[in-house]
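Taken in order, these protein sequences are the chains called A and B. Heads up: the first sequence begins at 427 in my numbering, then just goes up one per residue. Heads up: the second sequence begins at 427 in my numbering, then just goes up one per residue. Take a look at the structure set out below.
Protein chains: 2
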Amino acid sequence: MSIKKIDHIAIVVEELERALGVYRDALGMAVTDVREMPEQDVKMAFLPTGDSEIELLEPLSAESGIGRYLAKRGEGLHHICLEVDDIEATLADLKAKGAQLIDETPKQGAYGRIAFIHPKGAHGVLIELVERT
Amino acid sequence: MSIKKIDHIAIVVEELERALGVYRDALGMAVTDVREMPEQDVKMAFLPTGDSEIELLEPLSAESGIGRYLAKRGEGLHHICLEVDDIEATLADLKAKGAQLIDETPKQGAYGRIAFIHPKGAHGVLIELVERT
Numbered sequence: 427m428s429i430k431k432i433d434h435i436a437i438v439v440e441e442l443e444r445a446l447g448v449y450r451d452a453l454g455m456a457v458t459d460v461r462e463m464p465e466q467d468v469k470m471a472f473l474p475t476g477d478s479e480i481e482l483l484e485p486l487s488a489e490s491g492i493g494r495y496l497a498k499r500g501e502g503l504h505h506i507c508l509e510v511d512d513i514e515a516t517l518a519d520l521k522a523k524g525a526q527l528i529d530e531t532p533k534q535g536a537y538g539r540i541a542f543i544h545p546k547g548a549h550g551v552l553i554e555l556v557e558r559t
Numbered sequence: 427m428s429i430k431k432i433d434h435i436a437i438v439v440e441e442l443e444r445a446l447g448v449y450r451d452a453l454g455m456a457v458t459d460v461r462e463m464p465e466q467d468v469k470m471a472f473l474p475t476g477d478s479e480i481e482l483l484e485p486l487s488a489e490s491g492i493g494r495y496l497a498k499r500g501e502g503l504h505h506i507c508l509e510v511d512d513i514e515a516t517l518a519d520l521k522a523k524g525a526q527l528i529d530e531t532p533k534q535g536a537y538g539r540i541a542f543i544h545p546k547g548a549h550g551v552l553i554e555l556v557e558r559t
């Protein structure tokens, strides 16, 4: 099992357009896509850099997971995503080592199979794992 | 001006050794260095992956900036660092565009010249910029 790279960093914001004023306009990062993902109740902007990506997330509703997070914690870093070779082997290994998983089996994400590790089991960091397909 | 990549993600933890139990032992990430940086009042572990790095920070004292952050916010994501070509041009550009800077001029960091953007000006994210030398 191995971690290949930081796939992306996700940042929760109140309004995508205002956040792009910093990340795109002031910092000069390229935006490859902005789209609504109704199944996750978010609108996302993708800003690739190096072999990773910054993803900005705006909740589509206050009741969504991201909407509740924003209300409770405010804008800021939400999670990091690590790309792995073999997500099933990684999850089995983590489970054997006592890590606290949100997803014990992978689910289908936008660009591969994904699973989340609980922040309680990762020193306060919500970690997503992705095996890209 | 351009952002080259995510240089690193910094995570504040209570105890480096316990955090390495997750990041090194359970996730299988390599640790290239663990060292005390007394001038920043932290002990750090460096875990490179892809063209970025995860840095774990343990405060050396409760009164340090990181120590106070830990007491207030708990363990978790602390800042992201973006590598730039020309830190002076980037800071001038950010200032002209009204970004809130912690450092208006670069200071010497461990591996290049660095400056921080205030989280209030970056939608809740503490952003470090580095021009590696």
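Built from N, CA and C at the ideal position, the CB exists for glycine as well. Every value quoted in this text rests on a predicted model; they were computed, and no experiment measured them.
Decide if residue i is buried, meaning its Cβ has at least 16 other Cβ atoms within 10 Å, or exposed.
i        : result
Thr531/A : exposed
Tyr449/B : buried
Met455/B : buried
Glu484/A : buried
Ser487/B : exposed
Thr559/A : exposed
Ala541/B : buried
If you draw a straight line from the C-alpha of residue i to the C-alpha of residue j, how long is it?
i        : j        : result
Glu441/A : Val468/A : 11 Å
Glu489/B : Leu496/B : 10 Å
Gly524/A : Lys523/B : 47 Å
Ala515/A : Lys521/B : 47 Å
Gly547/A : Val439/B : 12 Å
Gln534/A : Leu446/B : 29 Å
Lys498/A : Val460/B : 34 Å
Tyr537/B : Gly491/A : 38 Å
Leu527/A : Ile528/B : 37 Å
Met463/B : Glu462/A : 43 Å
Determine, for residue i, whether the minimum Cβ-Cβ distance to residues of chain B falls below 7 Å.
i        : result
His434/A : no
Met470/A : no
Thr477/A : Inspection of the sequence shows that residue 477/A is occupied by Asp rather than by Thr. Taking Cβ atoms only, chain B reaches closer than 7 Å to Asp477/A, which makes this a yes.
Gly535/A : no
Val439/A : yes
Gly454/A : yes
Leu520/A : yes
Ala445/A : yes
For chain A, find out if any of its Cβ atoms is closer than 7 Å to the Cβ of residue i; answer yes or no.
i        : result
Ala525/B : yes
Gly491/B : no
Lys431/B : yes
Asp529/B : no
Val448/B : yes
Leu483/B : no
Ala515/B : no
Leu486/B : no
Ala497/B : no
Are residue i and residue j touching if we call contact CB-CB under 7 Å?
i        : j        : result
Ile376/B : Ile435/B : No statement about residue 376/B is possible, as the shown extent of chain B runs from 427 to 559 and does not include it.
Glu557/A : Val510/A : yes
Leu503/A : Val551/B : yes
Asp519/A : Asp477/B : no
Ile575/B : Leu482/B : No statement about residue 575/B is possible, as the shown extent of chain B runs from 427 to 559 and does not include it.
Ile553/A : Ile506/A : yes
His549/A : Glu501/B : yes
Ile429/B : Leu453/A : yes
By DSSP, does residue i sit in helix, in strand, or in coil?
i        : result
Ile528/A : coil
Thr475/B : strand
Asp433/A : strand
Val551/B : coil
Glu501/A : coil
Glu557/B : strand
Ala456/B : coil
Ala541/B : strand
Ala520/A : The identity of residue 520/A in the sequence shown is Leu, whereas the question assumes Ala. In this structure, Leu520/A counts as helix in the three-state DSSP scheme.
List the residues of chain D whose Cβ lies closer than 7 Å to the Cβ of residue i, in chain order.
i        : result
Glu501/A : Here chain D cannot be found, since the structure's protein chains are A and B.
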